[in-house]
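J.: Submitted below is the structure of interest, expressed as structure tokens.
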Amino acid sequence: MSDTDPGQMKCFYITTPIYYVSGPPHIGHCYTTVAADTIARYHRLHGERVLFATGTDEHGQKVARSAREQGLEPQVFVDRLAETYKAAWRSFHVEYDRFVRTTEPGHKRVVQKIFARLRDRGDIYAGIYEGWYCVACEAYFREDELERGRCPDCNRTVETVAERSYFFRTSKYADAVAEHIEAHPEFIQPEQRRNEVLAFIHRGLLDACVSRQRSPWGIPVPDDATQSIYVWFDALINYLTVAGYLQDEDKFAQTWPPDLQLMGKDILPRFHGTLWPAVLLALELPLPKRLFAHGWWLAATNDDSGLAKMSKSLGNVIDPLASAEGLAEMSGASESIAIDAVRYYLLREVTFGLDGAFSMENLLARFNADLANDLGNLLNRSLPLLSRGFERRIPSPGGLTGALAELTEQVRGRYEEAIEVCDFRRALEALWELIRAGNKLMDERQPWNLLREGNREEAGAALYDVLDVARTAAIGLWPVMPEAAEEIWRQLGLAGAGQPLRWEDFRMGALPAGVEVGKPSPIFPRVDLAKVRGRAGQEVKPPAAEVLEQKLITLKQFQELDLRVAKVLAAEPIAGADKLLKLSLDVGEEQPRQVVAGLATRYRPEELVGRTVVLVANLEPATIRGVESQGMVLAAGEREPLSLVVLDSECPPGTKVR
Ligand code: ME8
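Here you go:
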């Protein structure tokens, strides 16, 4: 390749957000990373050079606070969690090319150089910031942006800030960013998100505060030891660090701009859709070709108040590995295949861009229908027949592939179009049409009967077509389910024959006849749903968040809980909420407390009146199904209450429990 043709040298550069290391990854982080991995693999299948980067966002108050809670030095804490992320991605078959950490010295240098350069040019200036800050989102808010005094993004309480800071002139670039968005409809996708960003800009962009005073866990502002660089400014620059900006000119020329940046919708309007392009314009750098903001995975909250975005404080985060382990256990599939099945579920279940509810029940249903039935059957019914008169070798084609060849062409086109716009669901739907056509062909041509009748040639021709469908399907499957696709490849004997997986072979007729196939063995054993649900017909539980969050608390943290003896004065059902009861409790205070408790599946209201229970008395009040709840009654059981926690002798209401 010549230096005079840099266009040809450009690699496909794809990124995920770099995740806060305040806790281990959950299904939401896994989603973006698996989606990026799928697209990276799709491009690699085309023989393209790819730079797929992910990593961890390790500075800021949120991370420093989490380290403190664990009693660890921030650096020790982030080192541990960065490893947890890397291990999770390894388990999830994520093949990134670069894992960037914001505590890397190289990254810190790039951030400081950029900061100094923008300050020299007058795009960063010193001032006083007065306003609000949400530590969970690491975001600044104006008074009028708050919702009922809380963070408009996560609804948590915000802190006031009044301090000397540096500001970046976002306002100077606001019009140029808006013009770019208007002129390049593909820049922000999906369209609804693009409109959101435009509306956000039109409400008025203030200059962004880009430093914090006396925040020890951050990159120091060059020549001003009292200030640390704002964590989001530091974090966004990771995409430049990875590309070699200010470090390796050739690499940067071959990499920049990113072809696709994936993220959740939470971090688009305020950060990736505005601050990020404004900083790039100030640095006179080309903007990314495309930003795609997907929706959220929601999960049932512990307080039974419905579905919400997964978050640690709501206790509804789902551990991706535990989901896969659960699936492996229930199906008997290998853990690696179960991981692939979770990847498939995430990308197949919900259109990329929309919100979806994670459910173990749906994961199992998809596993059975799409993987065990459709895909599994294709191989399980065909491969074993090769030991009947074909010496376990791929038979010769019979030249009957006309309609199938046409369908394959169509499926390939639809798959390509869908992947181009990150519509994984549509791409997989298209692929499944081909898989189902393979099964239909098996039903119609019945090679086992042809063999019984001694018609070996026609049986072989039918089997060739079916196996050719399985081979083609494996190519389309590989970006989403790499291990499963490679196992199909092995069983078809193609791995042994040294045949690479290439996109150009997504067509009928490329299966080499005569190749000795591998040992057939079912890849996706069916889950016996009736057995899993149990005789009681119980709901299949998603692996509990607690598995992910198991950590020790200090005595002091425990002492912060105000547990008290309470006597139930009255109990009544809540209209429209089968699981909930409204309780009136005597806690030894002047007024009885009203508490909403999820006890209705286990206790009738009248069974509770007069009982002595234990109350968490200092829980933040919450409104559940329109009823205010001032505490929580303790009961054993995970999602369903099994037994109330009671005392073995009477104590007066209000007595402290410790
Ligand atoms: O925001 N559903 O990090 P973060 C779908 N460090 N995706 C989800 C999700 C959910 N429930 N929860 C999280 C940060 N995600 C910053 C990013 S980038 C320069 C700095 C995914 O750990 C989704 O991609 O809070 C979301 O945007 C990201 O994790 C937020 O991760």
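Counting with this note's numbering, you get residues 1229 to 1886 for the letters of the sequence shown.
Yeah, the Cβ is synthetic: ideal placement off N, Cα and C, and Gly gets one too.
Every value quoted in this text rests on a predicted model; they were computed, and no experiment measured them.
Can you give me the start and stop residues for the beta strand (DSSP E) that V1824 sits inside?
T.: Residue 1824 sits at position 596 when you count from the first residue of the sequence shown. R1821 to A1825 is the span of the beta strand (DSSP E), which, as asked, contains V1824.
J.: With hydrogens ignored, establish whether the beta-carbon of N1466 is closer than 7 Å to any heavy atom of the ligand ME8.
T.: In the sequence shown, residue 1466 corresponds to position 238, counting from 1. Yes - the ligand ME8 has a heavy atom lying nearer than 7 Å to the Cβ of N1466.
J.: Who are the Cβ neighbours of S1564 in its own chain at under 6 Å, not counting the five residues just before and after it?
T.: Numbered from 1 along the sequence shown, position 336 holds the residue referred to as residue 1564. Within its own chain, the residues whose Cβ lies closer than 6 Å to the Cβ of S1564, once the five positions on either side in sequence are excluded, are E1711, listed in chain order.
J.: In three-state terms, what does DSSP make of H1321?
T.: Your numbering for residue 1321 matches position 93 in the sequence shown. Three-state result, H1321: coil.
J.: Between S1857 and V1823, how many whole angstroms is the CB-CB distance? I'm expecting something under 8 Å.
T.: As a position in the sequence shown, residue 1857 is number 629, starting the count at 1. As a position in the sequence shown, residue 1823 is number 595, starting the count at 1. S1857 to V1823, Cβ: 5 Å. Contact.
J.: Please report the distance separating the alpha-carbon of N1608 from that of E1637.
T.: As a working mapping, residue 1608 is identified with position 380 in the sequence shown. As a working mapping, residue 1637 is identified with position 409 in the sequence shown. Those two C-alpha atoms are separated by around 25 Å.
J.: DSSP three-state label for H1522, please.
T.: Here residue 1522 refers to the residue found at position 294 when the sequence shown is read from its first residue. Looking at H1522 - three-state DSSP - the assignment turns out to be strand.
J.: Can D1462 and H1287 be called in contact, C-beta distance under 8 Å?
T.: Taking the sequence shown and counting its residues from 1, one reaches residue 1462 at position 234. Taking the sequence shown and counting its residues from 1, one reaches residue 1287 at position 59. Between D1462 and H1287, the C-beta gap is smaller than 8 Å, which places the two residues in contact.
J.: So R1792 is in the beta strand (DSSP E); what residue range does that whole segment cover?
T.: In the sequence shown, the residue the question calls residue 1792 occupies position 564. Where R1792 is concerned, the enclosing beta strand (DSSP E) stretches over L1791 to I1802.
J.: For L1720 versus V1694, is the C-beta spacing smaller than 8 Å?
T.: On the sequence shown, residue 1720 is found 492 positions in, with the first residue counted as 1. On the sequence shown, residue 1694 is found 466 positions in, with the first residue counted as 1. No, they are not a contact pair.
J.: Looking at the secondary structure, which residues open and close the beta strand (DSSP E) in which V1490 lies?
T.: Here residue 1490 refers to the residue found at position 262 of the sequence shown. According to the sequence as given, residue 1490 is Leu; it is not Val. Looking at the DSSP string, the run of the beta strand (DSSP E) that includes L1490 is L1488 to G1492.
J.: Scan the stretch 1580 to 1668 and note each continuous alpha helix (DSSP H) run of 4 residues or more that stays entirely inside, going in chain order.
T.: 1588 to 1594, 1604 to 1610 and 1630 to 1648
J.: The ligand ME8 heavy atoms versus the CB of A1404: any closer than 7 Å?
T.: By one-based count along the sequence shown, residue 1404 stands at place 176. No, the beta carbon of A1404 sits no closer than 7 Å to any heavy atom of the ligand ME8.
J.: Near A1794, what residues of its chain come up, given a Cβ to Cβ distance below 6 Å and the 5 sequence neighbours on each side ignored?
T.: Walking along the sequence shown from the start, residue 1794 turns up at place 566. Same-chain partners within the cutoff: L1813, V1815, V1841, L1843 and P1881.
J.: Compute the beta-carbon to beta-carbon distance between L1555 and L1603, rounded to the nearest angstrom, for a pair I have assumed lies under 8 Å.
T.: The sequence position of residue 1555 within the sequence shown is 327, counting from 1. The sequence position of residue 1603 within the sequence shown is 375, counting from 1. Contact doesn't hold; Cβ gap of about 15 Å is too wide.
J.: Could you check if Q1289 is buried or exposed, using at least 16 other CB atoms within 10 Å of its CB as the buried criterion?
T.: Residue 1289 sits at position 61 when you count from the first residue of the sequence shown. With 16 or more other Cβ atoms within 10 Å, it is buried.
J.: Can you tell which of R1653, L1783, F1618 and L1474 has the C-alpha that lies nearest to the C-alpha of E1686?
T.: Within the sequence shown, residue 1686 is the residue found at index 458, counting from 1. When only C-alpha atoms are compared, the closest one is F1618.
J.: Under 8 Å: do the stretch 1420 to 1432 and the stretch 1374 to 1389 share three or more Cβ pairs, one atom per stretch?
T.: No: the two stretches stay apart, fewer than three of their Cβ pairs being nearer than 8 Å.
J.: Are there 16 or more other CB atoms within 10 angstroms of the CB of N1423, so buried, or fewer, so exposed?
T.: Mapped onto the sequence shown, residue 1423 falls at position 195. Classification for N1423: exposed.
J.: Kindly indicate which residue of L1797, H1522 and L1722 has the alpha-carbon position closest to the one of R1620.
T.: As a first step, residue 1620 is located in the sequence shown; it is residue number 392 there, counting from the start. Nearest of L1797, H1522 and L1722 to R1620, Cα basis: L1722.
J.: Check whether the stretch 1506 to 1523 touches the stretch 1568 to 1575, counting contact only when three or more Cβ pairs, one atom from each stretch, lie closer than 8 Å.
T.: When C-beta atoms of the stretch 1506 to 1523 are compared with those of the stretch 1568 to 1575, fewer than three pairs fall below 8 Å, so the two segments do not count as touching.
J.: Does N1677 pass the burial test, meaning 16 or more other C-beta atoms within 10 Å, or should it be called exposed?
T.: Locating residue 1677 in the sequence shown gives position 449, counting from the first residue. When all chains shown are included, N1677 counts as exposed.
J.: Can at least three beta-carbon pairs, one atom from the stretch 1274 to 1282 and one from the stretch 1733 to 1752, be found at a separation below 8 Å?
T.: no
J.: Any heavy atom of the ligand ME8 closer than 7 Å to the Cβ of Y1248?
T.: Walking along the sequence shown from the start, residue 1248 turns up at place 20. Result yes, Cβ under 7 Å from the ligand ME8.
J.: How would you call E1648, buried or exposed, if buried means at least 16 neighbouring beta carbons within 10 angstroms?
T.: Here residue 1648 is taken as the residue at index 420 of the sequence shown, counted from 1. It counts as exposed.
J.: Taking only three categories from DSSP, how would you classify F1396?
T.: The count along the sequence shown starts at 1 and reaches residue 1396 at position 168. F1396 falls in the strand class under three-state DSSP.
J.: For the stretch 1323 to 1332 against the stretch 1453 to 1472, do three or more pairs of beta-carbon atoms, one drawn from each stretch, fall closer than 8 Å, so that the two count as touching?
T.: yes
J.: Should T1483 go down as buried or exposed, given a rule of 16 or more other Cβ atoms within 10 Å for buried?
T.: Position 255 of the sequence shown, counted from the first residue, corresponds to residue 1483. Counting other Cβ atoms within 10 Å of its Cβ, T1483 reaches 16 or more and is therefore classed as buried.
J.: Taking a contact to mean a Cβ-Cβ separation below 8 Å, would you say L1268 touches F1280 in this structure?
T.: As a position in the sequence shown, residue 1268 is number 40, starting the count at 1. As a position in the sequence shown, residue 1280 is number 52, starting the count at 1. A small correction: the amino acid at residue 1268 is Ala; Leu does not occupy that position in the sequence shown. The answer is yes: Cβ separation under 8 Å.
J.: DSSP three-state label for Y1361, please.
T.: Residue numbering aside, residue 1361 sits at position 133 when the sequence shown is read from its first letter. Strand at Y1361.
J.: Among the candidates K1784, V1322 and L1757, whose CA atom is the shortest distance from the CA of Y1270?
T.: As a position in the sequence shown, residue 1270 is number 42, starting the count at 1. When only C-alpha atoms are compared, the closest one is V1322.
J.: For E1358, collect the residues of the same chain with a Cβ closer than 6 Å to its Cβ; drop the 5 residues on either side in sequence, then sort them by chain order.
T.: Residue mapping note: residue 1358 aligns to position 130 of the sequence shown, counting from 1. Excluding sequence neighbours, E1358 sits near A1390.
J.: Going along the chain, which residues of its own chain have a beta-carbon closer than 7 Å to the beta-carbon of P1675, five neighbours each way excluded?
T.: The sequence position of residue 1675 within the sequence shown is 447, counting from 1. L1613, A1687, A1690 and L1691, listed in sequence order.
J.: Got a sec: does the ligand ME8 put a non-hydrogen atom nearer than 7 Å to the Cβ of T1260?
T.: Within the sequence shown, residue 1260 is the residue found at index 32, counting from 1. T1260 Cβ: within cutoff of the ligand ME8.
J.: How should D1887 be labelled, buried or exposed, when 16 other C-beta atoms within 10 angstroms of its C-beta is the threshold for buried?
T.: Nothing about residue 1887 can be reported from this structure: the residues present for the chain run from 1229 to 1886 only.
J.: Drop a sphere of 10 angstroms on the beta-carbon of T1886, count the other beta-carbons inside from all chains shown, and report buried for 16 or more, exposed for fewer.
T.: As a working mapping, residue 1886 is identified with position 658 in the sequence shown. First, the amino acid is wrong: residue 1886 is Arg here, not Thr. Per the 10 Å Cβ criterion, exposed.
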